[in-house]
Every structure is written in C-alpha cells, then in structure tokens.
Amino acid sequence: MTKPNKLRRCQLAVPGSSDKMMAKAAGLGVDHVFLDLEDAVAPAAKVPARAQIVTALNTLDWRQSIRCVRINDLDTQYAYEDIIAVVEGAGENLDTIMVPKVKSACDVRFVDRLLSQIERKLGLTRRIGIEVLIEEAEAIMRVEEIAGASDRLEALIFGMGDYSASQGIDPRAISGDTGYPGDIWHYARYKMIVAARTYGLDAIDGPFVNFKDQEYFRTECVRALQLGAVGKWAIHPSQVPIAQDAFSPSQAEVDRAYKAVAAYADAQRQGLGAIQVDGQMVDVATVRLVQRIIDRAELVGMKPTPTTQATGA
Numbered sequence: 004m005t006k007p008n009k010l011r012r013c014q015l016a017v018p019g020s021s022d023k024m025m026a027k028a029a030g031l032g033v034d035h036v037f038l039d040l041e042d043a044v045a046p047a048a049k050v051p052a053r054a055q056i057v058t059a060l061n062t063l064d065w066r067q068s069i070r071c072v073r074i075n076d077l078d079t080q081y082a083y084e085d086i087i088a089v090v091e092g093a094g095e096n097l098d099t100i101m102v103p104k105v106k107s108a109c110d111v112r113f114v115d116r117l118l119s120q121i122e123r124k125l126g127l128t129r130r131i132g133i134e135v136l137i138e139e140a141e142a143i144m145r146v147e148e149i150a151g152a153s154d155r156l157e158a159l160i161f162g163m164g165d166y167s168a169s170q171g172i173d174p175r176a177i178s179g180d181t182g183y184p185g186d187i188w189h190y191a192r193y194k195m196i197v198a199a200r201t202y203g204l205d206a207i208d209g210p211f212v213n214f215k216d217q218e219y220f221r222t223e224c225v226r227a228l229q230l231g232a233v234g235k236w237a238i239h240p241s242q243v244p245i246a247q248d249a250f251s252p253s254q255a256e257v258d259r260a261y262k263a264v265a266a267y268a269d270a271q272r273q274g275l276g277a278i279q280v281d282g283q284m285v286d287v288a289t290v291r292l293v294q295r296i297i298d299r300a301e302l303v304g305m306k307p308t309p310t311t312q313a314t315g316a
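When the count follows the numbering used here, it moves up by one through the sequence shown with no breaks and lands on 316 for the last residue.
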C-alpha cells in the first residue's frame, strides 16, 4: 500500500484540554498539529478533553495541517476510550492517531484493529493513519518489528524524554548540551531512522524542552536532518518556524538538484555514465541522493529558479 505523502517538518504539541491553545494552533500554518490527551493533560481533565478535541477537530479551520491526536499510553485505563471517543466523534476530520510508549508490534496491531472496527461501524471511507512514539528501551530493541507492524503506520517519532527515563540517561540532555563527547542520541536516532526508511515511514525527532534556546534547537534539527529525519517536534509556537525552515531545502540546494538531474539525463542521451557539474561528479548514485531534495521541495511547493539550466562537462 502506498503511504500518504505528507509534510511533517514540524509536529506541534497542543494540550487537548485548552480550547484557547487549540484555536491558536489551527491558525499557525504548521505542517502537523497533535492534540494531546497524554502528558499535557492532567488526570482529572483527560476525559473532558476528549470532547474538547472533538469540537476543535470539527469546528476549527486547520487548513493544510495534519490533524493528529495523541492518546494515552496503552497500559492506562484511558487509551481505548480515547480512540473510540475521538474517532467516533471526529473521524472525518482526523488524519492520524499518535500512540505513545509503544513497546512492541502487538501495541500497533491493537490500535490498528480497533480503528478498523470503528471505521467499519461508521462507514468511514478514508483510513486513519497511525504514528508511534519510540520512547522506551524495549521499543529501540524492537524498532524494526514495530515499523513493519501495520500498513496504517505513517511515522516513527523518537521521544527522548521518556527514553531518557527508560534507559537512565542524564535528564539534562533533553534541554541542552551535557558535555557528552558527541550526540548522546545518535544510536537511538540512527536505529529508528533506519527502521523508518526501510518501511517507507517518516522519521521525526522528538522535543527539545528548553524552547528559549532557539540556537540549540536548530542544532538539534540539523542533527536529525543529517541522519535522515524529515521533521522535529515543537513544544512551543516559537519553535515552529525554526523547524519548518531547517527541514526545508534552500533555494540553492533545489537549483543544484534540478541542475544535476537534468544534466545527467542529457548525459545518458549521449551515452555517458558520469559527468561533472560545477566541479562535482554526477552519476546515478548522485541522482538518487539529490532526488530526495527534489521530493522535499515538491512537498513544500518549491520550484527551481527559472534560469536554472543543465550544464555538464
């Protein structure tokens, strides 16, 4: 089954118990908004927040934003009714369900089966996707199994906060540089992104809690991008433009990519297997690399500069 091709440069977290914050989020133009029933909502507000989320999904203009709801952990008493209440109340206006603290493929399959039952009951014609948070040590151990668990899966998200607690990592790492010699999240990020790419899923990097440190937030975006992630969480609206810019190609990158592809196509017509473009070798492997830039540009709506021409030597 072909996966939906969606922009997830930024996923904005919004408490499902705050009508004001949900209304504000709808007008931000962020790629992805998830209305939260889990960590951002106090226990006494979790059940009432379901109805607030349903109202927000059905009445607010979300424009092009992916509309997502993060349910509670499947080990809690809330999770199954979170899914039932939200999907039965606003299934036509919901794109994905986000499942936290997934530990195995069985967790994903449970949500898949429940969604299938509700969709059949309601006669929904558009399938609701699943996004899962990889934030437990067990999840990293089984991430390949999780990634292949359901054709509803659209994204894997690295949740470094709970992952730190699960593995015993220095909690300061989620808000700044701890002095660890290198990227403290490298192994977990890398392994999750490999699993996501293998199964055609989007890989998303998780939150950076010190939202006032915008420079380090951008650094974290770049690190995730370099490993193959397509976006990052935002826990505050001020992080949205940084993430959406960091995960968008620059105009110069787009122009170089189109130029390389066009030049290589011209070289093939001449029977050449490799050429030079602006001092760089371009061959079939290069084209595969730059095609990812073109794909990202098309999702964002970026076009090559009209004067961009293919020249090879």
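We put the CB at the ideal spot given by N, CA and C, even for glycine.
Next on the checklist: Please list the terminal residues of the continuous beta strand (DSSP E) segment that includes Asp205.
Outcome noted: For Asp205, the enclosing beta strand (DSSP E) has its first and last residue at Asp205 to Asp208.
Next on the checklist: Can you confirm whether Arg299, when its beta carbon is compared against all beta carbons of chain B, has any partner nearer than 8 Å?
Outcome noted: Checking the listed chains, one finds no chain B in this structure; it contains a single protein chain.
Item to check | Expected contact under 8 Å - CB spacing of Leu204 and Ala150 to nearest Å | outcome: In this structure Leu204 is in contact with Ala150, their Cβ atoms being roughly 6 Å apart against a cut-off of 8 Å.
Checklist entry - Taking Cβ to Cβ, would you say Cys13 is nearer than 8 Å to Lys235? => result Contact: yes.
Checklist entry - Got a sec, what are the start and stop residues for the alpha helix (DSSP H) Pro184 sits in? => result Per DSSP, Pro184 belongs to no alpha helix (DSSP H) and is neither H nor E.
Item to check | Phe220, DSSP secondary structure in three states | outcome: Judged by DSSP in its simplified three-state form, Phe220 adopts helix.
Checklist entry - Thinking C-beta only, is Ala206 closer than 8 Å to Val233? => result The criterion of a C-beta distance shorter than 8 Å is satisfied by Val233 and Ala206.
Item to check | Sub-8 Å separation of Ile69 and Ile100 beta-carbons | outcome: Contact annotation: Ile69 and Ile100 have beta-carbon atoms that are not nearer than 8 Å.
Next on the checklist: Is the beta carbon of Val36 closer than 8 Å to that of Ser20?
Outcome noted: Between Ser20 and Val36, the C-beta gap is not smaller than 8 Å, which leaves the two residues out of contact.
Checklist entry - Name the DSSP beta bridge partners of Gly234, please? => result According to DSSP, residue pairing for Gly234 in a beta bridge involves Ile207.
Checklist entry - From the DSSP output, which residues share a beta bridge with Gln283? => result In DSSP, Gln283 forms a bridge with Val280.
Checklist entry - Ile245 lies in the alpha helix (DSSP H); which residues open and close that run? => result Val243 to Ala249 is the span of the alpha helix (DSSP H), which, as asked, contains Ile245.
Checklist entry - Does the distance from the C-beta atom of Ala82 to that of Lys106 stay below 8 Å? => result With contacts defined by Cβ atoms closer than 8 Å, Ala82 and Lys106 do not form a contacting pair.
Checklist entry - What's the C-alpha gap between Val290 and Glu256? => result About 13 Å.
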